[in-house]
Amino acid sequence: MTFAGLFRRAAPGALKHSRKVAILGAAGGIGQPLAMLMKLNPLVSSLSLYDIANTPGVAADVSHVNTRAEVKGYAGEEQLAEALTGADLVIIPAGVPRKPGMTRDDLFNINAGIVKSLCTAISKHCPEAVVNMISNPVNSTVPIAAEVFKKASTYDSKKLFGVTTLDVVRARTFYAGKKGLAVEDVDVPVVGGHAGITILPLFSQATPKATLTDEEIDALTKRTQDGGTEVVQAKAGKGSATLSMAYAGALFAESCLKGLNGEPGIVECTYVASTVTELPFFSSKVRLGKDGVEEVLGLGALSEYEKKGLEAMKAELKASIQKGVDFAKQS
Ligand SMILES: NC(=O)c1ccc[n+]([C@@H]2O[C@H](COP(=O)([O-])OP(=O)(O)OC[C@H]3O[C@@H](n4cnc5c(N)ncnc54)[C@H](O)[C@@H]3O)[C@@H](O)[C@H]2O)c1
Ligand SMILES: O=C(O)C[C@H](O)C(=O)O
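Numbering (the UniProt record's numbering) for the sequence shown: 1 to 331.
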């Protein structure tokens, strides 16, 4: 999984598929660069940019890029139905980002309601779409989406994904940097969830293999877990990761589109309905296919350090999942 190049030609046969991608929150810090990256993706034939405001300008701007996708901007709730109708893939980066001192869970009160209303609209206007959830706290917003879809009788667990690709992107960058490896050759699975200790990079399974001391593993693990906070602090009140997230979101969306198009062997770490542990949602390697999840893969052999990390995260992840479920059931 690497972004093969900005000005790419589609693989032979890929253009026979028409794929509509909708971005909800498209005028935001993530939404705008993500819109551009999806416009550059030859697998996209139609790009629908929705936000509560400012999307006409973003859409006009992006639409001038001379690539395949036809771009339309939609602003305000009355245009949401049209933005979603016919979408194969809906990417959701709508919601507020963290400021220094906040946890992702501190965003719950605002973002839970946003995600709920957007998912209600998805269940009405494109119930069969694959959904990529970026809005935080992902550990809870994915269970909220699942409950909304269940209520509307449109839930397909194979089509709902929490985007944890940024954790993988960070783990690759930090591991390659530490060991002097060519970063484009590096892969590191990251499992669990997307907040603090629930983010568990599996450096014992990193490729290519390099020798790491216990101290190096601990430092790399903590840096990956705190990667979001590192950016929030550096931005000093002006939001959280947007550019690296847009990159990660574009990578994951591309893999989903390749899977939908029937390309074999597409595997990504992502937060999905899972029986890999006793938790109902969990991020692990997943094989993507024509209907979304083709197979949720296991964790593989874990080191003692990783086994401890797995046990240590479970209570927090369980509580975050339950918080999302309770919110969706009660509201
Ligand atoms: N999953 C991840 O790895 C990851 C990484 C980075 C950020 N995030 C999360 O992504 C979210 C967005 O971050 P950002 O930096 O782009 O924030 P931002 O404030 O720059 O942009 C958010 C956009 O959402 C829009 N929005 C708000 N309510 C909406 C609604 N009801 N419908 C449609 N759009 C709506 C806003 O108008 C704004 O344009 C945050 O919750 C952030 O924590 C997740
Ligand atoms: O850290 C954040 O709040 C945003 C995002 O989840 C990230 O990992 O960068």
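Just so it is clear, CB atoms sit at the ideal spot from N, CA and C, and this is done for glycine as well. What you are looking at is a predicted structure, and each value in this text was computed from that prediction instead of being measured.
query: Let's test the definition: count the other Cβ atoms within 10 Å of the Cβ of Thr213 and tell me whether it reaches 16, buried, or not, exposed.; result: exposed
query: For Cys269, which of helix, strand or coil comes out of DSSP?; result: strand
query: Note down the Cα distance separating Ala273 from Thr211, rounded to an integer number of angstroms.; result: 34 Å
query: For ligand 1, I want to know if Asp51 counts as a neighbour, meaning its beta carbon is within less than 7 Å of at least one of the ligand's heavy atoms.; result: yes
query: Going by DSSP, which residues form a beta bridge with Arg287?; result: Val267, Glu295
query: Between Ala81 and the rest of its own chain, which residues show a CB-CB distance below 6 Å, the 5 nearest in sequence each way excluded?; result: His125
query: Assess, as a yes-or-no matter, whether the stretch 192-205 is touched by the stretch 303-319 under the definition of 3 or more beta carbon pairs within less than 8 Å.; result: yes
query: Which residues share a DSSP beta bridge with Asn132?; result: Ile91, Phe161
query: Leaving out five residues before and five after Arg223 in sequence, what residues of the same chain have Cβ atoms less than 8 Å from its Cβ?; result: Arg170, Phe174, Glu230
query: Check whether the Cβ atoms of Ser284 and Leu260 sit closer than 8 Å, and answer yes or no.; result: no
query: Taking just the CA atoms, how far does Lys16 sit from Thr221?; result: 42 Å
query: At what residues does the beta strand (DSSP E) containing Glu70 begin and finish?; result: 70-75
query: Please report the straight-line C-alpha distance between Asp326 and Lys158, rounded to a whole angstrom.; result: 22 Å
query: Expressed to the nearest angstrom, what Euclidean distance is found between the alpha-carbon atoms of Phe108 and Gly13?; result: 42 Å
query: How is Asp218 classed by DSSP in three states: helix, strand or coil?; result: helix
query: Give me, in chain order, the residues of the same chain whose beta-carbon lies closer than 7 Å to that of Gly262; leave out the 5 immediate sequence neighbours on both sides.; result: Lys290
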